[in-house]
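Numbering (our numbering), first residue to last: 127 to 419. All C-beta atoms, glycine included, are put in the ideal place defined by N, C-alpha and C.
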């Protein structure tokens, strides 16, 4: 998790400047960081989903979208830093999935200390609501949305997946599936009760009832949408056993949850998704089993 924060700081200089108005523009600035989208792809920068300056998202549209599926990506950063334009968040994923006809969306949300994790999850639900409302105008299908998040962002999408009231409270509807990229907070209560990184204390404090509210497995009382849980096998805090136990509980409730261990670092789980190879192929297989391209 510390590596996520360091990486976000290192890449902060690559943030794309805000556009004075919403418009379709070729993502020229992002191409310099490795983005290589198909000819005819367009980019809508800083689409607002709420009144706060950080409640914005970037929308990457494939050429001539028609009923396109959507990936809504939430960055990590220990709930306190991070940005929707970081190369490891966007580049390989957008390069890959736009070529398959997807709309790819990268969202920001409010961060600590302005908003705690529960409020951040509500922000993601607000973003989802706006994506669902605008999807048809983008040539996309509001019923084929995949929520994806890395690290702290994975915690947020996992929490929404197990907390229907958080989603409904922001006016959003259920989505198709969730892809969770390497979090050690599926069982937050367990994480907080054992040695852990200090950033968890900054985010979740010392109140066990607050840990419970923010813990996806504790909120899991009904069948969620299908979930793919990707975990690093080389992280020092060993997130895969939590993922396995979470998936077992989902299956016991009659749901679908798959665990995909990867011999990759925490940051590689994020940055390498979309590159050619078995990892991307496995994520694709999960999506294709749901009827997606």
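Original post:
Alpha carbon to alpha carbon, how far is residue 138 from residue 332?
Top reply: At residue 138, the pLDDT of 30 sits below 50, so the modelled position is not reliable and the matter cannot be decided from this model.
**OP:** Could you check the C-alpha separation between residue 157 and residue 217 for me, to the nearest Å?
**Re:** With a pLDDT of 41 at residue 157, under the threshold of 50, the modelled position of that residue is not reliable, and the figure given next carries that caveat. If I take the Cα positions, the gap works out to 9 angstroms.
Original post:
Quick one, are the C-beta atoms of residue 400 and residue 221 less than 8 angstroms apart?
Top reply: yes
Original post:
Taking the C-alpha atoms as reference points, what is the distance between residue 168 and residue 219?
Top reply: Looking at the two C-alpha atoms, the distance is approximately 15 angstroms.
**OP:** Could you have a look at residue 249 and say whether DSSP puts it in helix, strand or coil?
**Re:** helix
Subject >> Inter-residue spacing [alpha-carbon to alpha-carbon] between residue 155 and residue 214 >> reply: With a pLDDT of only 43 at residue 155, under the threshold of 50, the placement of this residue in the model should not be trusted; the figure read from the coordinates follows. C-alpha separation (whole angstroms): 15 angstroms.
Original post:
Among all the DSSP beta bridges, which residues are the ones paired with residue 346?
Top reply: BP columns for residue 346 are empty, so no partner.
Subject >> residue 171 burial status per 10 Å Cβ neighbour count (16 or more: buried) >> reply: Buried.
**OP:** Reducing DSSP to helix, strand and coil, say where residue 327 ends up.
**Re:** helix
Original post:
Comparing alpha-carbon positions, which option in 180, 184, 177, 190 lies nearest residue 452?
Top reply: The first residue shown for the chain is 127 and the last is 419, placing residue 452 beyond what the model contains.
Original post:
What distance in whole Å lies between the Cβ atoms of residue 368 and residue 313, which are believed to be in contact at a cut-off of 8 angstroms?
Top reply: 5 angstroms
**OP:** Under 6 angstroms Cβ to Cβ from residue 273, same chain only, skipping five residues before and after it: list those, please.
**Re:** 198, 283, 301, 304
Subject >> residue 164 and residue 224 closer than 8 angstroms at C-beta >> reply: yes
Subject >> Cα-Cα separation between residue 315 and residue 345, rounded to whole angstroms >> reply: 11 angstroms
Original post:
To the nearest angstrom, how far is it from the Cα of residue 341 to the Cα of residue 278?
Top reply: 12 angstroms
Subject >> Rounded separation between residue 201 and residue 374 - CA only >> reply: 26 angstroms
Subject >> For residue 334, three-class secondary structure by DSSP >> reply: Helix at residue 334.
Subject >> residue 413, buried or exposed, once every other Cβ within 10 Å from all chains shown has been counted against 16 >> reply: buried
Subject >> Own chain, CB closer than 7 angstroms to residue 359, minus 5 neighbours either side, in chain order >> reply: 366, 387, 388, 389
Original post:
Does DSSP put residue 364 in a helix, a strand or coil?
Top reply: Looking at residue 364 - three-state DSSP - the assignment turns out to be coil, as it is neither helix nor strand.
Subject >> Strand pairing of residue 276, partner residues [DSSP] >> reply: 307
Subject >> Those residues which DSSP pairs with residue 184 across a bridge >> reply: 232
**OP:** Thinking residue 239 and residue 281 are a contact (beta carbons under 8 angstroms), I'd like their distance in whole angstroms, please.
**Re:** At roughly 17 angstroms, the Cβ-Cβ gap does not stay under 8 angstroms, so residue 239 and residue 281 are not in contact.
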